[in-house]
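K.L.:
Chains as they are written, first to last, in the working numbering: chain A, 1 to 339; chain B, 1001 to 1136.
All residues carry an ideal CB built from backbone N, CA and C; glycine is no exception.
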Amino acid sequence: MILNVFSISEIFVGVLSSALMIWAGIYSLILYRRQGKATGLEEKGRIEDRSYLVFLIAVVVLIVRLLNWPFFYATLQSFIRDIDGAMCIFGVTQVKPLFTKFQEILKPVVFFLIGAWLLIHKLDLATETSPLMRRKLLFLSLLSVVVIADSAGDTVLIMSIKPGFLVSCCTTVTDILTRPTRTTPESLLGPGYTRILEISYVISNLILLVILGFVRWGKKWHSITPWTGISLLLVFLFALVNGFLFILAQIEVLAPKIMGLPYHHCLYCLWQYVPDSIVTYLLFILGTFAVGWGFTTAAIGGKGEAVLILPHYVRGIYSFAFFCLLGSLVMVIIHLLMG
Amino acid sequence: MRKKARVIIIFVIIGLVAATSAMLKVRSGVRCDHDGTRIQPIYEVTFAFQDATNKQFCSVNCALLDLRNEKNRPKYVTVVDEVSGTKIDANLAFFVKSEVLTIPHVKNNIHVFAKKEDAIRHAKQFNGELIQNPFR
């Protein structure tokens, strides 16, 4: 195991998160079932009082897990000098490639679900009657499973990465001519695929921004109807397609241009050589996920008193998504123009 | 009005950060023109082009990867003798592929020698073989 301040913090947070979420998950499930069976107002009130502690602990742990996603990569970055052959985070990921890949895929899923829950929780707190209590408890108990998997996975992974392991770094994988991010678009779009990807990236983002602008500032909707819900779902799906296009365009076209290394396609190197690209990615991720959070909030939050404030609340989420995505696009365009 | 001003200020800061970063280079020292890693002088490969520009690489492997993508062929290629550290034309050098990795992150196992006897000695010692100039 590589011992440094990052790895020790990661392990400590992982163990503590796992333990607290095991308790929170089980207790929230118990409270959910009790609330379903409760008949009198007094009994429901007692269950509500007990739920405050579990929600308090859940909020703290979940915010820590949200911040853990960039901290995870900072930890991997700190391991570079101890792994022979590693020149960027990619090299470190090659020590335990499958396990690291699993954690890297799990993290955005966890991030999204945590954000969705926190927004539902905030919406419920803004009401006086807490109409979303049961839904929050059920959501939390399900969420705890993935959070525990993420926390425990981080702990085991960090402990299993050892020094003295010789790896190849990114160049032997990301720059080969047969890489799938090159061969697939090239076979579909032809030899000029890089230009098409670059233009598609900009157009797709602009279309999404226009849609978000319309949702936010267009004709005011005063309630969430099934049709509104379907529309928001379609917008989220488009945002996911846009996200996929972002990754592809970054790997094949934008990252090499921004780094000034025309034939190098490693995103980990981009974060290393152009540190503000981390902000670009953060804004893009927050913007894309916020589109999804708007949908999940609209889908889950339409009950009781919350229905009255839901449209305004969801519009606020889309406002946040709009500015994050716009900020990300502006940063990329500035880099391309000035590079 | 206050909210609008806050949003504008945030965007101005974002723009300034991006613009400053685009102008500054975080990378220090002489860096490989393929993957940006620091160049160890003894393994440096240089491409010189017709238009008097050149490109530097950390290893023969990176130089070859770049050459596959490069539309313009370099006018000449300079490599470094691993024994003496002197720069020589690639056409005059001897290349050996062996078990020894010089630049681990690109798994570079192609070595450069100015003298044939040095190349043969390395090949015998490290289970290698002499190869043709890979830049031809």
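Beta-carbon of M133 (chain A) versus every beta-carbon of chain B: anything under 7 Å?
P.N.:
Answer no: the Cβ-Cβ gap between M133 (chain A) and chain B never drops below 7 Å.
K.L.:
Name the chain B residues whose beta carbon is nearer than 9 Å to that of A86 (chain A)?
P.N.:
The answer, in chain order, is P1104 and H1105.
K.L.:
Relative to the alpha-carbon of S7 (chain A), which residue among A:L326, A:L76 and A:H121 has its alpha-carbon at the smallest distance?
P.N.:
For S7 (chain A), the nearest C-alpha among the options comes from A:L76.
K.L.:
Residues of chain A with CB under 7 Å from S1098 (chain B), in chain order?
P.N.:
Here the premise fails: no neighbours, minimum Cβ distance about 16 Å.
K.L.:
Tell me which residue opens and which closes the beta strand (DSSP E) that K1087 (chain B) is part of.
P.N.:
K1087 to D1089 is the extent of the beta strand (DSSP E) around K1087 (chain B).
K.L.:
Can you round the beta-carbon distance between H1105 (chain B) and M259 (chain A) to whole angstroms, since I take them to be within the 8 Å contact cut?
P.N.:
That pair is no contact at about 16 Å.
K.L.:
Just verifying my parser: in three-state terms, what is the DSSP assignment at F1049 (chain B)?
P.N.:
Coil.
K.L.:
Which residues does DSSP list as the beta-bridge partners of I1103 (chain B)?
P.N.:
Answer by DSSP bridge pairing, in chain order: B:N1108.
K.L.:
Let me check understanding here. Comparing Cα to Cα, which of B:L1130, B:D1033 and B:T1020 lies closest to E1070 (chain B)?
P.N.:
Comparing Cα positions, the closest option is B:D1033.
K.L.:
Should T288 (chain A) and G243 (chain A) be called a contact, given that it needs their Cβ atoms to be closer than 7 Å?
P.N.:
In this structure, G243 (chain A) lies closer than 7 Å to T288 (chain A) by Cβ.
K.L.:
Does the region 205-215 of chain A come into contact with the region 1095-1104 of chain B, if we say contact requires no fewer than three beta-carbon pairs (one atom in each stretch) closer than 8 Å?
P.N.:
No, they do not touch.
K.L.:
Near I158 (chain A), what residues of its chain come up, given a Cβ to Cβ distance below 7 Å and the 5 sequence neighbours on each side ignored?
P.N.:
Excluding sequence neighbours, I158 (chain A) sits near S7, E10, I11 and T75.
K.L.:
Is V1017 (chain B) closer than 7 Å to E1044 (chain B) when the C-beta atoms are compared?
P.N.:
No. Outside cutoff.
K.L.:
Rounded to the nearest angstrom, what separates S51 (chain A) and G294 (chain A) at their Cα positions?
P.N.:
Each residue's Cα considered, the two are about 25 Å apart.
K.L.:
Between H324 (chain A) and chain B, is there a C-beta pair that is closer than 7 Å?
P.N.:
Here the sequence assigns Cys to residue 324 (chain A), which means His is not the residue at that position. No, C324 (chain A) lies away from the interface with chain B (no Cβ there is under 7 Å from its Cβ).
K.L.:
With a threshold of 16 other CB atoms inside 10 Å of the CB of M21 (chain A), please say whether the residue is buried or exposed.
P.N.:
Under this definition M21 (chain A) is a buried residue.
K.L.:
Using only CA atoms, which one of A:L248, A:H121 and A:G229 lies nearest to T181 (chain A)?
P.N.:
Residue A:L248 is the option with its Cα nearest to T181 (chain A).
K.L.:
Reducing DSSP to helix, strand and coil, say where L1130 (chain B) ends up.
P.N.:
In this structure, L1130 (chain B) counts as strand in the three-state DSSP scheme.
K.L.:
Does W271 (chain A) pass the burial test, meaning 16 or more other C-beta atoms within 10 Å, or should it be called exposed?
P.N.:
W271 (chain A) comes out buried.
K.L.:
For a test of the three-state rule: what should DSSP assign to V179 (chain A), helix, strand or coil?
P.N.:
Position check: residue 179 (chain A) holds Arg in this sequence, whereas Val was assumed. R179 (chain A): coil per DSSP, three-state reduction.
K.L.:
Find out if the Cβ-Cβ distance for the pair V237 (chain A), F322 (chain A) is shorter than 7 Å.
P.N.:
Residue identity differs from the one stated: residue 237 (chain A) is Leu in this sequence, not Val. No. Outside cutoff.
K.L.:
Report the three-state DSSP secondary structure of V1079 (chain B) (helix, strand or coil).
P.N.:
Correct three-state label for V1079 (chain B): strand.
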